[in-house]
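Q: Before we start, here is the structure in question, set down as structure tokens.
Number of protein chains: 2
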Amino acid sequence: MSQNQRTHRLILMPSGRQGDVPHGTTVLEAARALGVEIESICSGRLTCGKCQIAPEDGQFAKHAISSSAGHLSPPDDAERAFAAAHGIDLSQRRLSCVARVIGDVLVTVPEESQTRKQVIRKEAGEIAVEVMPAVRLYYVEVEPAYLGSPGDWERLQTALAENHHLRGLTIDPAALQRLQKTLRQGSWAVTVTVWQGRDVLRIEPGYVESLYGLAVDVGSTTIAAHLCDLQTGDVLATEAMMNPQVRYGEDLLSRVSYAMTEAQGLQRLNRAVIRALNELAAAAAGNAGIKPDEITDVVLVGNSVMHHLLLGLDPVELGQLPFALATYDPVDIKARELGLKAVHPGAMVHILPCIAGYVGADNVGVLLAEQTHLDDKITLIVDIGTNAEILLGTRDWMLSASSPTGPAFEGAHITHGQRAAAGAIERVRIDPQTGAVRYKVIGDPRWSDELETGETLRPTGICGSGIIEVVAELFMAGLLDKSGRFVPEADRLNPRIRYAGRTAELALAPADETAGGKEIVVTQADIRAVQLAKGALYAGVRLLLNRRGIERVDRIKLAGAFGSYIDPLHAMIIGLIPDCDLSQVIAIGNAAGDGARIALLNVERREAAWLAARSVEYVETASLAVFQDTFVDALALPHAADVFPHLEHLMAR
Amino acid sequence: MSQNQRTHRLILMPSGRQGDVPHGTTVLEAARALGVEIESICSGRLTCGKCQIAPEDGQFAKHAISSSAGHLSPPDDAERAFAAAHGIDLSQRRLSCVARVIGDVLVTVPEESQTRKQVIRKEAGEIAVEVMPAVRLYYVEVEPAYLGSPGDWERLQTALAENHHLRGLTIDPAALQRLQKTLRQGSWAVTVTVWQGRDVLRIEPGYVESLYGLAVDVGSTTIAAHLCDLQTGDVLATEAMMNPQVRYGEDLLSRVSYAMTEAQGLQRLNRAVIRALNELAAAAAGNAGIKPDEITDVVLVGNSVMHHLLLGLDPVELGQLPFALATYDPVDIKARELGLKAVHPGAMVHILPCIAGYVGADNVGVLLAEQTHLDDKITLIVDIGTNAEILLGTRDWMLSASSPTGPAFEGAHITHGQRAAAGAIERVRIDPQTGAVRYKVIGDPRWSDELETGETLRPTGICGSGIIEVVAELFMAGLLDKSGRFVPEADRLNPRIRYAGRTAELALAPADETAGGKEIVVTQADIRAVQLAKGALYAGVRLLLNRRGIERVDRIKLAGAFGSYIDPLHAMIIGLIPDCDLSQVIAIGNAAGDGARIALLNVERREAAWLAARSVEYVETASLAVFQDTFVDALALPHAADVFPHLEHLMAR
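For the record, the sequence lines run as chains A and B. Okay, so the first sequence: first residue is 1 according to the working numbering, each after it adds one. Okay, so the second sequence: first residue is 1001 according to the working numbering, each after it adds one.
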């Protein structure tokens, strides 16, 4: 390059980046040198048309530029032919891979040409995710084979290095097996899918744009999968199904126990969840109108037990002290090593890291989606299942704990408890004046006192949110004392209350209203079970607050399905959550699944998730000497030890 | 470290390396810093006892050292206890991991403590190979799990980094699955097998020394496997079997054709050879008294078609111009990805690189074993099968070619031809004076004229070396002319020759001498087939010589089974090989297998093999315009175009 080579000013909008570039450089190369990535799959072969830019005139800082279009090399025949074939108006748009800078130029990189597109997550607030997947497409034309030439794979590597600066690549054995036929089918032109810039997963003949991934939240009850277009970030299909491991154990500990005690237990649990993933992938692909083997990247999240069972790791250590994980770092593994078959044979799987034995990859997913570790406010996130996982922190510190709430909130160990499904009583009101009891069931918008004569809601049982409201309403109606016992002669205060032996119970739905034809009641034992569950959760939260010497949180986020159903006021009344401005208590839905989707769309967020996971301090609250006292204190309604200014204000309604 | 820290001189024998080391450094660490690796698996845990050194007194260069033993820290209780338990005399030997330098010291690192031990290859000359396998053992004690600890794998990584300087490790999924149980079985002490310093393949509880590998030459006819101890380099067992692909096609081209034309052809060929490898591995392990899953490293060599079929790559392109390889670089792949099961689940396979479409990994194995690419002499190596592969060169240049000799030398397309097996006529002599014909068969040391009356050798046919000798002997007896035709009235010159129609034939073995009860004859057509085969081989050699403008070679090496059987003199008489001092024509046996073994024992040789393969220039002789002329010239006996001074001298015997 000569010393006095002419340069021109190139200004790139909307980023505003600018610099002096040598005369004759393509806009694509010049932009790359200035740190602006323009989308390009074919890298100058006039095949993909993704690298369009718009020359503009205007004033930028000190530079007045008045003839951008004229300061780009005029279109040659090839560009004209491509533009004609694809309906591109060359006075408005140019292909940056062939348009060369021959004078000062201002160009706009339109959104669709920007490598890092943005999508907005809609559920529970918004979050911008730049689309920067772990898998990317590269179109290349490979030198044909000749006598004594290097192998086909070596010549493909040469083409990828020369056109896309990819070096030191490896190739999946399955891709290698198809390489020769594919190169010849494509007349030596192929589109290559590369994972993390280092492993060739897939080779397709000619120019293709198919790039899809699957993000899956493997819950112990429900498995939900999102099929995403990895070029746009769009969700093309969402599929969910019950985790088939349920047949081997309703809750996590019973599955751990199954794996420990049954000869083929681990294999059965592993195969069941993998089979489910295969079914979900196939179904999602079908709904999106793509072939399953077009899926080349998968992200999985799940709690620690799910994480281990997915990887075929014996969860036995998670069932006993000190709850040792086999590994807590993120895992990258070939899908086929996991037995995932309804995806491309070379597809990769990324599993988010875990935090500790009972704070798993699902919680890291939540952290990734909520970004509370980047927030000034003190946020509490609780994800309630058989265990409640607790995250508490700000940008400066982050604590986590797990509390053994037991399955009461999932409807288990409650006389007429059931899962949150159609027919379950989810809302309950008791009029403090009249004592009238009314309820709502999932799947019907009406209250039980809004029906026509003779109609009933045919409830099948009561789910977690319903049982919380029963306890809160009984308390507010003065029918329960602070210890959770029915007050003396409660049956005189409310006609729906009666004594069965020495303890009272609430007849919530009479036999003739229910689906099963049997009365649905809430017993003193049911109330006690709710107290134990909320006491365990609250004790965990309290001990984390104590650790930082703080009394209150700025914001409470309720994760998971249960978090979406419960009413924050009632939850606060029974002392399930600590005091907080009620407007700052929000349900965030399946935030773990959102985190999986973010990690699928953006490979840099995987690194961020890993760092976040490692920055969380895990507090084994149950092992603290004060846990038992805190737990006992927390059994009361709301609790003996705490002040609830927001609640007192609200209860005065 | 203080500026005025005391140092002492440490001299290490037999390498003679020396340097000043800080007071109190262990001999192991100090030696490592001086570039001398002392064997150590446990790295100072007083478990393996491999790091013994002998303190010595003596004069070294300017340093007279007179109290080495006293200048090492005295043994502590732990070292004394270990020495007592293992019968080590601490006045003679010390453990370098705990003995610290406290004064000037001269120590000898005995051969068994040197990391790079030497073994000598015995077949066809000697070659020193330092034992430096791709897999190595590391003993570590891992911090036990505690509440909130990092995962077991992460703590194992910490231990490996701290004790053995291993960083950035990955772990095989199968090893991860066994990790937790293994750590607890070993009470947190484990021995880890690491491949290439980067991937953990295997984890065993406690301290173990098992480290085995398998080197396999996958020939199109025979598959031969050597099971090696990767700590000593010793061959513990050798197993061979016929390549079961033979049932799908006798020669390579018929197997390529089978893969092309049969629906499941490729899969059948692939599975057949993989099944054979599994059988050989299991049999070799059984003979060596180890378990198959103690094999953690495997090296494979084979010609290009075998190479492709091993990897499940369709060989179709190798059956047609331009003979394009799917890949010609070395391949590292998990054994289980190939379907190899009779080895450790995490075991790795290394396949040597190929040179070109018809010069495969077996030839690279030959190059590695013979090191002709490092030699001053001009060496010709020929490996004769259905194709003959030719390597020609010196340290400065190396050429290769492949010549389509056809299967004549393997006994095919010869009237009574057969493979070289027991019963085959392998030696033939015709007395020029008396015309008497005698022969020898494989498996019997006697000539046919040395038998008792009534006895016969019961030949079953004639193999490649036999047919070469027949042609050479007929020519030397004046019964064939230079063109290979029986001279006029040959039947009058020798009673064993008779005319069948217009062409003559030699009655080599009468019907009453043979196993099948039928006469064994050599026809004019058989002689023509030998001429075509030797002409093809010779034309290839000639064209390579021409390319360098040279007439003669310094040395000829005959590789493979056929090369071991043929007599150099007879081969030169018929013009199979060019002129050369007969003492410099040697059979090198299964040099490809030797190369595989070298690559198994020494990971650096794999890199060397790759460089060697890439330095070889492949010459597609058949595509040269002069090939046909050269080939036709080469049909004559010896040939029309060449001078054979050595031969003329010898034929004057």
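Every residue, glycine too, gets a C-beta built ideally from N, C-alpha and C.
Taking beta-carbon pairs under 8 Å, can you tell me which members of the stretch 177-189 of chain A lie near chain B?
A: Flagged, chain order: Gln-177, Leu-179, Gln-180, Lys-181.
Q: Which runs of the alpha helix (DSSP H) fall wholly inside the stretch 1001-1079 of chain B and span at least 4 residues, in chain order?
A: The stretch 1001-1079 of chain B contains these whole alpha helix (DSSP H) runs: 1027-1033.
Q: So with CB distances below 7 Å, who are the chain B contacts of A:Ala-326?
A: Position 326 of the first sequence, counted from the start, is the residue given in the question as residue 326 of chain A. Gly-1151, Asp-1152, Trp-1153, Leu-1176, Leu-1179, Gln-1180, listed in chain order.
Q: Quick one: measure Cβ to Cβ for B:Ser-1040 and B:Lys-1050, integer angstroms, because I've assumed they're closer than 8 Å.
A: Residue numbering aside, residue 1040 of chain B sits at position 40 when the second sequence is read from its first letter. Residue numbering aside, residue 1050 of chain B sits at position 50 when the second sequence is read from its first letter. Rounded, the Cβ-Cβ distance is 6 Å, consistent with contact.
Q: Who does A:Met-241 pair with in a DSSP beta bridge?
A: Within the first sequence, residue 241 of chain A is the residue found at index 241, counting from 1. The partner list for A:Met-241 (beta bridge, DSSP) reads A:Ile-223.
Q: State the CB to CB distance for the pair A:Ile-223 and A:Ala-145, rounded to an integer number of angstroms; the pair is presumed to be in contact (CB under 8 Å).
A: As a working mapping, residue 223 of chain A is identified with position 223 in the first sequence. As a working mapping, residue 145 of chain A is identified with position 145 in the first sequence. That belief does not hold up - the Cβ atoms of A:Ile-223 and A:Ala-145 are roughly 46 Å apart, past 8 Å.
Q: Tell me, please, whether the CB atom of B:Ile-1171 is closer than 9 Å to any CB atom in chain A?
A: Taking the first residue of the second sequence as position 1, residue 1171 of chain B is located at position 171. Yes, its Cβ sits closer than 9 Å to a Cβ of chain A.
Q: Would you call A:Arg-653 buried or exposed, if buried means 16 or more other Cβ atoms sit within 10 Å of its Cβ?
A: Here residue 653 of chain A refers to the residue found at position 653 when the first sequence is read from its first residue. Summary for A:Arg-653: the model assigns pLDDT 40, below 50, so the residue's position carries little reliability, and this model does not support an answer.
Q: Please specify which runs of the beta strand (DSSP E), each continuous and at least 3 residues long, are wholly inside the stretch 260-313 of chain A, giving them in chain order.
A: Here the runs fully enclosed are 295-302.
Q: Spatial neighbours of B:Leu-1479 within its chain, please: C-beta separation below 7 Å, excluding the five flanking residues on both sides.
A: Indexing the second sequence from 1 puts residue 1479 of chain B at position 479. Closer than 7 Å at the Cβ level, and outside the excluded window around B:Leu-1479, lie Phe-1486, Val-1487, Ala-1490, Leu-1493, Asn-1494, Ile-1497.
Q: Which residues, in chain order, does the stretch 301-330 of chain A contribute to contact with chain B at a C-beta distance below 8 Å?
A: The residues in question are Leu-311, Gly-312, Leu-313, Asp-314, Val-316, Glu-317, Leu-321, Pro-322, Phe-323, Ala-324, Leu-325, Ala-326, Thr-327, Tyr-328, Asp-329.
Q: Taking the C-alpha atoms as reference points, what is the distance between A:Gly-16 and A:Leu-34?
A: Taking the first sequence and counting its residues from 1, the one referred to as residue 16 of chain A is at position 16. Taking the first sequence and counting its residues from 1, the one referred to as residue 34 of chain A is at position 34. The alpha-carbon atoms of A:Gly-16 and A:Leu-34 are separated by roughly 11 Å.
Q: Reducing DSSP to helix, strand and coil, say where A:Ala-587 ends up.
A: Translated into positions along the first sequence, residue 587 of chain A becomes position 587. DSSP places A:Ala-587 in strand when its eight states are reduced to three.
Q: Where B:Gln-1320 and B:Ser-1257 are concerned, what is the direct C-alpha to C-alpha distance, given to the nearest angstrom?
A: Residue 1320 of chain B sits at position 320 when you count from the first residue of the second sequence. Residue 1257 of chain B sits at position 257 when you count from the first residue of the second sequence. Taking the straight line joining both Cα atoms gives about 10 Å.
Q: In the DSSP output, what is A:Cys-228 paired with across the bridge?
A: In the first sequence, residue 228 of chain A corresponds to position 228, counting from 1. BP columns for A:Cys-228 point to A:Gly-213, A:Val-235.
Q: Chain B beta carbons: is any one of them nearer than 9 Å to that of A:Gly-357?
A: As a first step, residue 357 of chain A must be located in the first sequence, where it is residue number 357. Interface residue, yes.
Q: Who are the Cβ neighbours of B:Leu-1156 in its own chain at under 6 Å, not counting the five residues just before and after it?
A: Start at 1 with the first residue of the second sequence, and residue 1156 of chain B comes out as number 156. For B:Leu-1156, where only same-chain residues beyond five positions count, the Cβ hits under 6 Å are Val-1142.
Q: Let me make sure I understand the geometry here. Which of B:Val-1470, B:Arg-1268, B:Pro-1150 has the alpha-carbon closest to that of B:Arg-1247?
A: By one-based count along the second sequence, residue 1247 of chain B stands at place 247. It is B:Arg-1268.
Q: Taking B:Tyr-1499 as the reference, give the member of B:Gly-1517, B:Val-1522, B:Asp-1512, B:Lys-1482 with the closest Cα.
A: In the second sequence, counting from the first residue as 1, residue 1499 of chain B sits at position 499. The shortest Cα separation from B:Tyr-1499 among B:Gly-1517, B:Val-1522, B:Asp-1512, B:Lys-1482 belongs to B:Val-1522.
Q: In three-state DSSP terms, what is B:Ala-1507?
A: Here residue 1507 of chain B refers to the residue found at position 507 when the second sequence is read from its first residue. B:Ala-1507 falls in the strand class under three-state DSSP.
Q: Using 8 Å as the cut-off, can you tell me whether the stretch 1514-1533 of chain B makes contact with the stretch 1549-1562 of chain B, which would need three or more C-beta pairs spanning the two stretches below that distance?
A: Because the criterion of three Cβ pairs below 8 Å is not met, the stretch 1514-1533 of chain B and the stretch 1549-1562 of chain B do not touch.
Q: Taking the C-alpha atoms as reference points, what is the distance between A:Gly-24 and A:Val-101?
A: For the purposes of this step, residue 24 of chain A is identified with residue 24 of the first sequence, where counting begins at 1. For the purposes of this step, residue 101 of chain A is identified with residue 101 of the first sequence, where counting begins at 1. A:Gly-24 and A:Val-101: Cα-Cα distance of roughly 5 Å.
Q: Measure the C-alpha to C-alpha separation of B:Val-1364 and B:Val-1619 and round it to an integer number of angstroms.
A: The sequence position of residue 1364 of chain B within the second sequence is 364, counting from 1. The sequence position of residue 1619 of chain B within the second sequence is 619, counting from 1. Using only the alpha carbons, I get a separation of about 16 Å.
Q: For B:Ser-1623 and chain A, any beta-carbon pair shorter than 9 Å?
A: Translated into positions along the second sequence, residue 1623 of chain B becomes position 623. Interface residue, yes.
Q: Given A:Met-132, which residues of its chain have a CB within under 7 Å of its CB, disregarding the five upstream and five downstream residues?
A: Within the first sequence, numbered from 1, the residue matching residue 132 of chain A stands at position 132. For A:Met-132, where only same-chain residues beyond five positions count, the Cβ hits under 7 Å are Arg-116, Asn-602, Val-603, Glu-604.
Q: Would you check if the distance between the CB atom of B:Ile-1378 and the CB atom of B:Thr-1405 is smaller than 9 Å?
A: Within the second sequence, residue 1378 of chain B is the residue found at index 378, counting from 1. Within the second sequence, residue 1405 of chain B is the residue found at index 405, counting from 1. No.
Q: With a 10 Å radius around its C-beta and 16 neighbouring C-beta atoms as the bar for buried, classify B:Ile-984 as buried or exposed.
A: With chain B running from 1001 to 1653 in the structure shown, residue 984 of chain B is simply not present.
Q: Once you ignore the five residues that flank B:Val-1359 on each side, which residues in its own chain have a CB closer than 7 Å to its CB?
A: Locating residue 1359 of chain B in the second sequence gives position 359, counting from the first residue. Here the set comprises Glu-1389, Ser-1400, Ser-1402, Tyr-1618.
Q: Would you say A:Cys-97 reaches chain B, if we count a Cβ-Cβ gap shorter than 9 Å as a contact?
A: For the purposes of this step, residue 97 of chain A is taken as the residue at position 97 of the first sequence. Not one chain B Cβ lies under 9 Å of A:Cys-97.
Q: Please go through the same chain and pick out, in chain order, the residues whose beta-carbon is closer than 7 Å to the beta-carbon of A:Ala-691, but skip the five residues on each side of it.
A: The question about residue 691 of chain A has no answer, for chain A in this structure spans 1 to 653.
Q: Ignoring anything shorter than 3 residues or poking outside the stretch 1540-1594 of chain B, list the beta strand (DSSP E) runs there in chain order.
A: Those beta strand (DSSP E) runs which fall completely within the stretch 1540-1594 of chain B and span 3+ residues are 1555-1559, 1585-1589.
Q: Is A:Gly-346 near the ligand NAP - that is, is its Cβ less than 8 Å away from at least one heavy atom of it?
A: Ligands displayed in this structure: none; no statement on the ligand NAP is therefore possible.
Q: Tell whether a beta-carbon distance below 9 Å holds between B:Trp-1610 and B:Asp-1217.
A: The count along the second sequence starts at 1 and reaches residue 1610 of chain B at position 610. The count along the second sequence starts at 1 and reaches residue 1217 of chain B at position 217. For B:Trp-1610 and B:Asp-1217, no; Cβs fall outside 9 Å.
Q: For A:Gly-103, I'd like the list of residues in its chain whose CB is within less than 6 Å of its CB, leaving aside the five on either flank, ordered along the chain.
A: Here the question's residue 103 of chain A lines up with position 103 in the first sequence. Closer than 6 Å at Cβ, skipping near neighbours: His-8, His-71.
Q: Does DSSP put A:Asp-449 in a helix, a strand or coil?
A: Taking the first residue of the first sequence as position 1, residue 449 of chain A is located at position 449. If DSSP states are grouped into helix, strand and coil, A:Asp-449 belongs with coil.
Q: DSSP has A:Met-348 in a bridge; who is on the other side?
A: Along the first sequence, read from residue 1 onward, the residue named residue 348 of chain A stands at position 348. Note: A:Met-348 sits in a beta bridge opposite A:Asp-297, A:Lys-334.
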